[in-house]
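Participant: The structure is given below, and queries will be raised subsequently.
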Amino acid sequence: AQSVTQPDIHITVSEGASLELRCNYSYGATPYLFWYVQSPGQGLQLLLKYFSGDTLVQGIKGFEAEFKRSQSSFNLRKPSVHWSDAAEYFCAVGNYDYKLSFGAGTTVTVRA
Amino acid sequence: GAVVSQHPSRVICKSGTSVKIECRSLDFQATTMFWYRQFPKQSLMLMATSNEGSKATYEQGVEKDKFLINHASLTLSTLTVTSAHPEDSSFYICSARIGASTDTQYFGPGTRLTVL
Numbered sequence: 028a029q030s031v032t033q034p035d036i037h038i039t040v041s042e043g044a045s046l047e048l049r050c051n052y053s054y055g056a057t058p059y060l061f062w063y064v065q066s067p068g069q070g071l072q073l074l075l076k077y078f079s080g081d082t083l084v085q086g087i088k089g090f091e092a093e094f095k096r097s098q099s100s101f102n103l104r105k106p107s108v109h110w111s112d113a114a115e116y117f118c119a120v121g122n123y124d125y126k127l128s129f130g131a132g133t134t135v136t137v138r139a
Numbered sequence: 542g543a544v545v546s547q548h549p550s551r552v553i554c555k556s557g558t559s560v561k562i563e564c565r566s567l568d569f570q571a572t573t574m575f576w577y578r579q580f581p582k583q584s585l586m587l588m589a590t591s592n593e594g595s596k597a598t599y600e601q602g603v604e605k606d607k608f609l610i611n612h613a614s615l616t617l618s619t620l621t622v623t624s625a626h627p628e629d630s631s632f633y634i635c636s637a638r639i640g641a642s643t644d645t646q647y648f649g650p651g652t653r654l655t656v657l
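As you go down the protein sequences, you meet chains E and L in turn.
With my numbering applied, the first sequence covers 28 to 139.
With my numbering applied, the second sequence covers 542 to 657.
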């Protein structure tokens, strides 16, 4: 069975500072990995995804994530956070049928 | 981009009544739709997979007689919570996928159900 762990429930970061959100997955085969962002009143928006190839994936809004098979991790990063990045972030792993299993999410608060 | 809507955004009902939630893909045809449930500060839990014209596939532990799913067209799926009880109160989210082998799901904004 596939599963995702997001160790950090809540992260507070200053505007302009860098951000890293951790994600560890458990899956028997090659995983399909996703990061989504959820803002109040809006649906989950796909930030980026990894299927194969280059392990450093670029996404929208200046986000990137790195797949590390040896660590079963897919951490999300952004070099400089903007106030509009305050939201809930979810890591997800998908199987061959693209059914998604989500982590518990990380709430990001951005302080001025 | 692909847009998915849900209606209603919020609903409050009395215990024992049934509630229907609609999920629509506005600018694309969705061969597959998914229904999730999200508890406060918790992850999204997949409830069922809905394919147009066929019966929904429910995840283990989800009561199919309680959560009725109908995918009547390529743009509409409905979730009916039958004989709702307070423990059914939750945030219900749908997503839609364009093709059978497409990896990307487009999510609706969710429906907050409160059962009194």
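Backbone N, C-alpha and C fix where the C-beta goes; we use that ideal spot for every residue, glycine too.
Can you tell which of E:35, E:39, E:31 has its C-alpha closest to the C-alpha of residue 139 of chain E?
Facilitator: Here residue 139 of chain E refers to the residue found at position 112 when the first sequence is read from its first residue. Here the closest residue by C-alpha is E:39.
Participant: For residue 105 of chain E, does the count of other Cβ atoms within 10 angstroms reach 16, so buried, or fall short, so exposed?
Facilitator: For the purposes of this step, residue 105 of chain E is taken as the residue at position 78 of the first sequence. Buried, because 16 or more other Cβ atoms sit within 10 Å of the Cβ of residue 105 of chain E.
Participant: If I follow the unbroken beta strand (DSSP E) through residue 103 of chain E, where does it start and stop?
Facilitator: Numbered from 1 along the first sequence, position 76 holds the residue referred to as residue 103 of chain E. From DSSP, the beta strand (DSSP E) with residue 103 of chain E extends over 100 to 105.
Participant: Anyone know if the C-beta pair for residue 656 of chain L and residue 564 of chain L falls short of 7 Å?
Facilitator: Here residue 656 of chain L refers to the residue found at position 115 of the second sequence. Here residue 564 of chain L refers to the residue found at position 23 of the second sequence. No, they are not a contact pair.
Participant: For a contact meaning CB atoms closer than 7 Å, what does residue 649 of chain L contact in chain E?
Facilitator: Within the second sequence, numbered from 1, the residue matching residue 649 of chain L stands at position 108. Neighbours of residue 649 of chain L on chain E, chain order: 70.
Participant: Who are the Cβ neighbours of residue 484 of chain L in its own chain at under 6 Å, not counting the five residues just before and after it?
Facilitator: Outside the modelled stretch of chain L, which goes from 542 to 657, sits residue 484 of chain L, for which no answer is possible.
Participant: Closest Cβ-Cβ distance between residue 130 of chain E and chain L: below 7 Å?
Facilitator: Position 103 of the first sequence holds residue 130 of chain E. It does: the Cβ of residue 130 of chain E has a partner Cβ on chain L nearer than 7 Å.
Participant: By how many angstroms is the C-alpha of residue 57 of chain E removed from the C-alpha of residue 79 of chain E?
Facilitator: What you label residue 79 of chain E is simply residue 52 of the first sequence in a count that begins at 1. What you label residue 57 of chain E is simply residue 30 of the first sequence in a count that begins at 1. Computed Cα separation, rounded: 8 Å.
Participant: Any beta-carbon of chain L closer than 7 Å to the one on residue 123 of chain E?
Facilitator: If you number the first sequence from 1, residue 123 of chain E lands on position 96. Closer than 7 Å: no.
Participant: Residue 129 of chain E bridges to which residues according to DSSP?
Facilitator: Numbered from 1 along the first sequence, position 102 holds the residue referred to as residue 129 of chain E. Paired residues: E:119.
Participant: Nearest-angstrom Cα distance between residue 60 of chain E and residue 586 of chain L?
Facilitator: Mapped onto the first sequence, residue 60 of chain E falls at position 33. Mapped onto the second sequence, residue 586 of chain L falls at position 45. Using only the alpha carbons, I get a separation of about 16 Å.
Participant: In this structure, what does DSSP give as the bridge partners for residue 77 of chain E?
Facilitator: The residue labelled residue 77 of chain E in the question sits at position 50 within the first sequence. Answer is E:60, bridged to residue 77 of chain E.
Participant: Check whether the region 566 to 576 of chain L and the region 625 to 632 of chain L touch, using three or more Cβ-Cβ pairs below 8 Å as the test.
Facilitator: No, the region 566 to 576 of chain L is not in contact with the region 625 to 632 of chain L.
Participant: Against chain E, which members of the region 549 to 576 of chain L pass a CB distance test of less than 9 Å?
Facilitator: Against chain E - using a Cβ distance shorter than 9 Å - the residues of the region 549 to 576 of chain L are 550, 573, 575.
Participant: Can you tell me where the beta strand (DSSP E) with residue 576 of chain L in it begins and where it stops?
Facilitator: Residue numbering aside, residue 576 of chain L sits at position 35 when the second sequence is read from its first letter. From DSSP, the beta strand (DSSP E) with residue 576 of chain L extends over 573 to 579.
Participant: Pick from E:43, E:74, E:51, E:34: whose alpha carbon is nearest that of residue 95 of chain E?
Facilitator: By one-based count along the first sequence, residue 95 of chain E stands at place 68. Per the Cα distances, E:51.
Participant: Mark residue 633 of chain L as exposed unless 16 or more other C-beta atoms lie within 10 angstroms of its C-beta, in which case mark it buried.
Facilitator: Position 92 of the second sequence, counted from the first residue, corresponds to residue 633 of chain L. The residue in question, residue 633 of chain L, is buried, as its Cβ has 16 or more Cβ neighbours within 10 Å.
Participant: Tell me the rounded alpha-carbon separation between residue 119 of chain E and residue 599 of chain L.
Facilitator: Reading the first sequence from its first residue, position 92 is the one you call residue 119 of chain E. Reading the second sequence from its first residue, position 58 is the one you call residue 599 of chain L. If you take the alpha carbons of residue 119 of chain E and residue 599 of chain L, they lie about 19 Å apart.
Participant: When we look at the beta-carbon of residue 576 of chain L and count the other beta-carbons within 10 Å, is it buried (16 or more) or exposed?
Facilitator: Mapped onto the second sequence, residue 576 of chain L falls at position 35. Burial call: buried.
Participant: If you draw a straight line from the C-alpha of residue 41 of chain E to the C-alpha of residue 108 of chain E, how long is it?
Facilitator: Walking along the first sequence from the start, residue 41 of chain E turns up at place 14. Walking along the first sequence from the start, residue 108 of chain E turns up at place 81. About 7 Å.
Participant: Give me the Cα-Cα distance between residue 593 of chain L and residue 614 of chain L, rounded to the nearest whole angstrom.
Facilitator: Taking the second sequence and counting its residues from 1, the one referred to as residue 593 of chain L is at position 52. Taking the second sequence and counting its residues from 1, the one referred to as residue 614 of chain L is at position 73. Their Cα atoms are separated by approximately 6 Å.
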